[in-house]
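S.K.: Chains as they are written, first to last, in this note's numbering: chain H, -9 to 196; chain Z, -9 to 196; chain U, -9 to 196.
Yeah, the Cβ is synthetic: ideal placement off N, Cα and C, and Gly gets one too.
Predicted model only: the values in this text are computed from it and were never measured.
Pasting in a structure now, in structure tokens, and then I'll have a few things to ask.
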């Protein structure tokens, strides 16, 4: 009602399992954008993804891509994990009255789902932005400068951005990127290594 | 049809289980806005939430968020409660001809569902307003002044508002907030403690 | 967000099973356009095709035609293959925010589905364009010149085009088609022979 931009800079001090901080970009500047996921307590045999948060068509499709990919990815890193076979999932993007769209929350959505399924929170003070393809490619996005400013304002330390945005980061003023550590992701595996450093499948890669 | 504002100031003298008084805000001022819930007598194996009351898209999504969260919350405060596994629920927002939208009834909806599931009415002369996130965060809303005026007109004594609206309450004229006790909620647990003071899980917290 | 054309020239160095490079044509010129497919990890008895990528109505219909035809074709070349009976499929066309439409990705979509079902990648450095009819006819498309330029820029060696576009290829400047080998397809079988040279059903036809 009258709110045209995001007001939640730091909704969570530490994000529990299933919740990941993303970065959004609007005409009015950058902002944080949390992806919240939780299992749905039901006994349906048909397991699905429910979404809320006034998501536009492209963002709606991003949730579907993230859901398909996350199921494959979780199976790949932990073949014994049956979370998605046993649970429907609800994904919400606060704030509920603010229309949101675009594909750049793809890796954030996928990471929230992976975190929920693995029951493992992501690294503290981490934020990310990047489009996800159906097979785990991470595609470049817009607004790196505005998103960096928003990340810093929210106390973020590590930022994951697409490999294809490396040049945009290199062009940032020192005053903007000072204090932020950028991690470049070409595929979702690169995101996973940064977000879940303590997961067993990452232990031999450090 | 043709009514553009709410006319029900005090629809219920005392709200039974499943019904909670919320506060709405329109261009014409504030008003009370009841959330009514009841179980549906059916034998479907698929348990769901049906909603009526000419709800807009955002408010429709609020009902889904409240439903997902209420199921988790009830399970957390009473693991033996199987209400939502055994019942479909109908949620209605009178008056049926008045279009309504916005996310600010989130905590009211959730509280109505919790009250229904626990079969426990909320505290008398209580009203509330606040957006609910999927994980139980209570987010600030607009119209605190107008909602306070409407609450007082309806004989409300206790008002639950989001922690993020504390500054708005502090700026209210004494003439408006006199006689109202404000309770600030950062998470849904804060709402629950005020609304259900006699619930066993709150007894050691008073 | 602001991107009005495709930026991914060579998203994949080598395309794994289920992924095929197509060629698109916009007012701004030609570009590569990948079709990504993967199975969906679910246990639904109803097997379906889910699509994402901001596809217009015509392209949406192309996916349905490709899905129907691919199921028939895979059964014809390998009667023991039960992939489509056992799996739902998700088809995505990056980049998610770019609206796409038109029928010319028909053979690319079908080939991605066939590749996924056979678990066999297509020939390296192959791209294709062509409308598919429901019975496997390959119909001519526009933009052969622009698509050829894009193919070359992306390191493509073999290009499959509809038989009906042979005259358009013949009219291309030597500077454009030099280094590209054109294969003409009248029916989908012609596409299959070029894309999967090592498939047993093609071995006696070489």
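My output table needs one value for residue 68 of chain H: the three-state DSSP class, helix, strand or coil.
M.R.: Working through the first chain from its first residue, we reach residue 68 of chain H at position 78. Coil at residue 68 of chain H, not helix or strand.
S.K.: Secondary structure at residue 88 of chain Z, three-state DSSP: helix, strand or coil?
M.R.: Reading the second chain from its first residue, position 98 is the one you call residue 88 of chain Z. Residue 88 of chain Z: coil per DSSP, three-state reduction.
S.K.: Starting from residue 20 of chain H, trace the beta strand (DSSP E) both ways and give me its first and last residue.
M.R.: Locating residue 20 of chain H in the first chain gives position 30, counting from the first residue. Unbroken beta strand (DSSP E) run through residue 20 of chain H: 19 to 30.
S.K.: From the DSSP output, read off the bridge partner residues of residue 79 of chain U.
M.R.: Reading the third chain from its first residue, position 89 is the one you call residue 79 of chain U. DSSP output for residue 79 of chain U lists U:29 and U:39 as bridge partner(s).
S.K.: Pull up the DSSP beta-bridge partners for residue 127 of chain Z, would you.
M.R.: Indexing the second chain from 1 puts residue 127 of chain Z at position 137. Answer is Z:177.
S.K.: Starting from the beta carbon of residue 48 of chain Z, find every residue of chain H whose beta carbon is closer than 8 Å, and list them in chain order.
M.R.: Here residue 48 of chain Z refers to the residue found at position 58 of the second chain. Result: 44, 86 and 87.
S.K.: Spell out a yes or no on whether the segment 94 to 106 of chain U and the segment 156 to 174 of chain U are touching, meaning 3 or more CB-CB pairs, one atom from each, closer than 8 Å.
M.R.: The segment 94 to 106 of chain U is not in contact with the segment 156 to 174 of chain U.
S.K.: Below 7 Å on C-beta distance, what does residue 74 of chain H contact in chain U?
M.R.: The residue you call residue 74 of chain H lines up with position 84 of the first chain. The contacting residues are 31.
S.K.: Is there contact here, the segment 102 to 119 of chain Z with the segment 6 to 26 of chain Z, by at least three beta-carbon pairs under 8 Å?
M.R.: Yes: the two stretches touch, three or more of their Cβ pairs being nearer than 8 Å.
S.K.: Can the beta-carbon of residue 57 of chain U be found closer than 8 Å to that of residue 64 of chain U?
M.R.: The count along the third chain starts at 1 and reaches residue 57 of chain U at position 67. The count along the third chain starts at 1 and reaches residue 64 of chain U at position 74. Contact: no.
S.K.: By Cβ distance below 8 Å, which residues in the same chain neighbour residue 170 of chain U in space, the five residues on each side in sequence not counted?
M.R.: Mapped onto the third chain, residue 170 of chain U falls at position 180. Hits under 8 Å: 138, 141, 142, 146, 147, 148 and 149.
S.K.: From Z:163, Z:136, Z:3 and Z:152, pick the residue whose C-alpha is nearest to that of residue 17 of chain Z; which is it?
M.R.: Here residue 17 of chain Z is taken as the residue at index 27 of the second chain, counted from 1. With distances taken between Cα atoms, residue 17 of chain Z lies closest to Z:136.
S.K.: Quick one: is residue 54 of chain Z near chain H, going by C-beta distance under 8 Å?
M.R.: Translated into positions along the second chain, residue 54 of chain Z becomes position 64. Chain H contact via Cβ: present.
S.K.: Using a C-beta cutoff of 8 Å, does residue 28 of chain U count as contacting chain H?
M.R.: Looking up residue 28 of chain U in the third chain gives position 38. Residue 28 of chain U counts as touching chain H.
S.K.: CA-CA distance, residue 23 of chain Z and residue 13 of chain Z?
M.R.: Within the second chain, residue 23 of chain Z is the residue found at index 33, counting from 1. Within the second chain, residue 13 of chain Z is the residue found at index 23, counting from 1. In a straight line, the C-alpha of residue 23 of chain Z is about 5 Å away from that of residue 13 of chain Z.
S.K.: Report the start-end ranges of each beta strand (DSSP E) in the segment 96 to 124 of chain U that is 3 residues or longer and not cut off at the edges.
M.R.: Correct list: 116 to 118.
S.K.: Applying the 10 Å Cβ sphere with the 16-neighbour rule, what's the burial state of residue -3 of chain Z?
M.R.: Indexing the second chain from 1 puts residue -3 of chain Z at position 7. Its pLDDT being 47, under 50, residue -3 of chain Z is placed unreliably in this model, and the coordinates cannot settle the point.
S.K.: Buried or exposed for residue 90 of chain Z, please, with buried defined as at least 16 other CB atoms from any protein chain shown within 10 angstroms of its CB.
M.R.: Counted from its first residue, the second chain places residue 90 of chain Z at position 100. Buried: at least 16 other Cβ atoms inside 10 Å.
S.K.: So, at 8 Å on beta carbons, what are the nonlocal neighbours of residue 2 of chain U in its own chain, with the 5 sequence-adjacent residues on each side left out?
M.R.: Counting from 1 along the third chain, the entry for residue 2 of chain U is found at position 12. Once the five neighbours on either side are set aside, the close Cβ partners of residue 2 of chain U are 9, 11 and 24.
S.K.: Our contact map puts residue 70 of chain H next to residue 28 of chain U with C-beta atoms below 8 Å; I'd like the distance itself, whole angstroms only.
M.R.: Here residue 70 of chain H refers to the residue found at position 80 of the first chain. Here residue 28 of chain U refers to the residue found at position 38 of the third chain. Not really, about 21 Å apart at Cβ, beyond 8 Å.
S.K.: So, is residue 51 of chain H buried or exposed, given that buried needs 16 or more other C-beta atoms within 10 angstroms?
M.R.: By one-based count along the first chain, residue 51 of chain H stands at place 61. Buried, by the Cβ-count rule.
S.K.: Does chain H have any CB closer than 8 Å to the CB of residue 62 of chain Z?
M.R.: As a working note, residue 62 of chain Z is residue 72 in the second chain. By this cut-off, residue 62 of chain Z is an interface position.
S.K.: DSSP three-state call for residue 190 of chain H: helix, strand or coil?
M.R.: Locating residue 190 of chain H in the first chain gives position 200, where the first residue counts as 1. Looking at residue 190 of chain H - three-state DSSP - the assignment turns out to be helix.
S.K.: Straight-line CA distance for residue 120 of chain Z to residue 20 of chain U?
M.R.: The residue labelled residue 120 of chain Z in the question sits at position 130 within the second chain. The residue labelled residue 20 of chain U in the question sits at position 30 within the third chain. If you take the alpha carbons of residue 120 of chain Z and residue 20 of chain U, they lie about 51 Å apart.
S.K.: Helix, strand or coil for residue 12 of chain U? Go by DSSP, reduced to three states.
M.R.: On the third chain, residue 12 of chain U is found 22 positions in, with the first residue counted as 1. Residue 12 of chain U: strand per DSSP, three-state reduction.
S.K.: In the structure shown, what three-state DSSP assignment does residue 158 of chain U receive?
M.R.: Mapped onto the third chain, residue 158 of chain U falls at position 168. In this structure, residue 158 of chain U counts as helix in the three-state DSSP scheme.
S.K.: Flag residue 40 of chain H as yes if its beta-carbon sits less than 8 Å from any beta-carbon of chain Z, otherwise no.
M.R.: In the first chain, counting from the first residue as 1, residue 40 of chain H sits at position 50. It does; some Cβ of chain Z falls within 8 Å.
S.K.: Less than 8 Å between the C-beta atoms of residue 129 of chain U and residue 154 of chain U, yes or no?
M.R.: To locate residue 129 of chain U, count along the third chain from 1; it is residue 139. To locate residue 154 of chain U, count along the third chain from 1; it is residue 164. Yes, these two residues count as a Cβ contact at 8 Å.
S.K.: Tell me whether residue 59 of chain H sits in a helix, a strand or coil according to DSSP, three-state version.
M.R.: Residue mapping note: residue 59 of chain H aligns to position 69 of the first chain, counting from 1. DSSP places residue 59 of chain H in helix when its eight states are reduced to three.
S.K.: Let me know if residue 43 of chain U comes out buried or exposed under the rule of 16 or more other beta-carbons within 10 Å of its beta-carbon.
M.R.: Start at 1 with the first residue of the third chain, and residue 43 of chain U comes out as number 53. Residue 43 of chain U comes out buried.
S.K.: Using DSSP with H/G/I as helix, E/B as strand and the rest coil, what is residue 5 of chain Z?
M.R.: As a position in the second chain, residue 5 of chain Z is number 15, starting the count at 1. Of the three classes helix, strand and coil, the one that applies to residue 5 of chain Z here is coil, per DSSP.
S.K.: Taking 8 Å as the threshold (beta carbon to beta carbon), is residue 116 of chain H in contact with chain Z?
M.R.: Numbered from 1 along the first chain, position 126 holds the residue referred to as residue 116 of chain H. Closer than 8 Å: no.
S.K.: Listed from N- to C-terminal order along the chain, which residues in the segment 117 to 141 of chain H have their beta-carbon within a distance smaller than 8 Å of any beta-carbon of chain U?
M.R.: Correct list: 121, 123, 124, 125, 127, 129, 130, 131, 132 and 133.
S.K.: Report, in whole angstroms, the separation of the C-beta atoms of residue 40 of chain H and residue 54 of chain Z, which I expect to be a contact under 8 Å.
M.R.: Translated into the one-based positions of the first chain, residue 40 of chain H becomes position 50. Translated into the one-based positions of the second chain, residue 54 of chain Z becomes position 64. Rounded, the Cβ-Cβ distance is 7 Å, consistent with contact.
S.K.: Mind checking who residue 152 of chain H pairs with in its DSSP beta bridge?
M.R.: If you number the first chain from 1, residue 152 of chain H lands on position 162. The partner list for residue 152 of chain H (beta bridge, DSSP) reads H:175.
S.K.: Between residue 65 of chain H and chain U, is the shortest Cβ-Cβ distance under 8 Å, so that the two count as touching?
M.R.: If you number the first chain from 1, residue 65 of chain H lands on position 75. So yes, residue 65 of chain H belongs to the interface.
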